[in-house]
Structure formats: C-alpha cells, structure tokens
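Novice: Residue numbers (UniProt numbering): 1 to 163. After the structure tokens below, expect a handful of questions from me.
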C-alpha cells in the first residue's frame, strides 16, 4: 500500500487517475458482492476523479437513488483515502443519477428565482453537499444571478439574490 502525505496541495493528474482506479476497484467489488452488473467509466475533470457506473438493463436502479449514490460516494471516498492517505473529492455517478440530480437542482433554483420575481430580496435553499452547492452556483450564474454559501458543516446552504 502506497500512501501520500495529507497536504493542502491540489492532487496531480496522475494522483487523480490513481484515485479513479482505486475507486473503480472498490465500486466493482461492491457490485460483485451485490451481484449487480455495471460498466465503469473513469474520467478526470475540474480537479476531481469521476467514476460513472452504467448498465444496459435496470439492475442499477436500486443504487441510483440520490441518497444511495451520496452514501456510496462517501464510502468510496473513504476507501480511496485509506489507500492514498489523502482526502478525495471524487464524484460517483450511478446510472445518470448526477444528471437527474442537476435537473432537480435546476427546479429548486427556478422556484427560488420565482420568489425573487415576487419581490423577495433573497432566497435560501436547503443545506446540501459541497458538490450540490457547486452545481447550484453554476446554475445560478448561468441564469445571471448571484449566490453565496453560508453556514457550517451539514447546515451549509446557498442563498440566491439578484446581482
């Protein structure tokens, strides 16, 4: 087992690719245990390793629930951290769950924009993960609005307002 010291430095491309390989091995092991077929794809973008699991049938349906994907992602991150010695920000996508979650977040932003249109000075969204908040910030920017995150830990949430 090779370990890299925990530092504040951003991981290199090679380190991110190694994270993806470790994560894929871990997820593949989980799929084998559950006797679920899935094809894994690895990618590195925006300073994160991405692992996607797809299937030609509906066998992944039970795992594609957003809460389940989040839990699997956290377990996978811990498995990567155990091997590398550094925190992982990898993203796990199961059967298009990330696209589905982005669509849900877009609806949430649209509802917040409606509140702004009705005269609210700002609209707060519920607490969510850092990845989801990043998606919210991207969606809000695409709509020409401003967003900021407030709070700590599990209570961290996003507030949207006009620029």
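Where a beta carbon is used, it is the ideal one built from N, C-alpha and C, also for glycine.
Could you please give me the residues that DSSP links to residue 84 through a beta bridge?
Specialist: Looking at the DSSP assignment, residue 84 forms no beta bridge with any residue, so it has no partner.
Novice: Using CA coordinates, which residue listed in 97, 131, 29, 64 is at the minimum distance from residue 90?
Specialist: 131
Novice: Check this for me: beta carbons of residue 121 and residue 161, under 8 angstroms apart or not?
Specialist: yes
Novice: At the level of alpha carbons, what is the spacing between residue 36 and residue 43?
Specialist: So the alpha carbons of these two residues sit roughly 22 angstroms apart.
Novice: Just the C-alpha distance for residue 28 and residue 13, rounded to the nearest angstrom, thanks.
Specialist: 22 angstroms
Novice: Hey, could you find the ends of the alpha helix (DSSP H) residue 105 is sitting in?
Specialist: For residue 105, the uninterrupted alpha helix (DSSP H) run begins and ends at 97-117, by DSSP.
Novice: Applying the criterion that 16 or more other CB atoms from any shown protein chain within 10 Å of the CB defines a buried residue, is residue 11 buried or exposed?
Specialist: buried
Novice: Assuming the contact rule is C-beta atoms closer than 8 angstroms, residue 19 and residue 88 should be a hit. Round their C-beta distance to whole Å, please.
Specialist: 5 angstroms
Novice: Ends of the beta strand (DSSP E) at residue 159?
Specialist: 157-161
Novice: Beta carbon of residue 145, beta carbon of residue 113: below 8 angstroms?
Specialist: yes
Novice: Please give the ranges of any beta strand (DSSP E) in the segment 21-82, keeping only runs that are unbroken, at least 3 residues long and fully inside the region.
Specialist: 39-45, 48-54
Novice: Can you tell me whether residue 125 is buried or exposed, with buried defined as 16 or more other CB within 10 angstroms of its CB?
Specialist: buried
Novice: Between 152, 156, 163, which has its C-alpha nearest residue 140's C-alpha?
Specialist: For residue 140, the nearest C-alpha among the options comes from 163.
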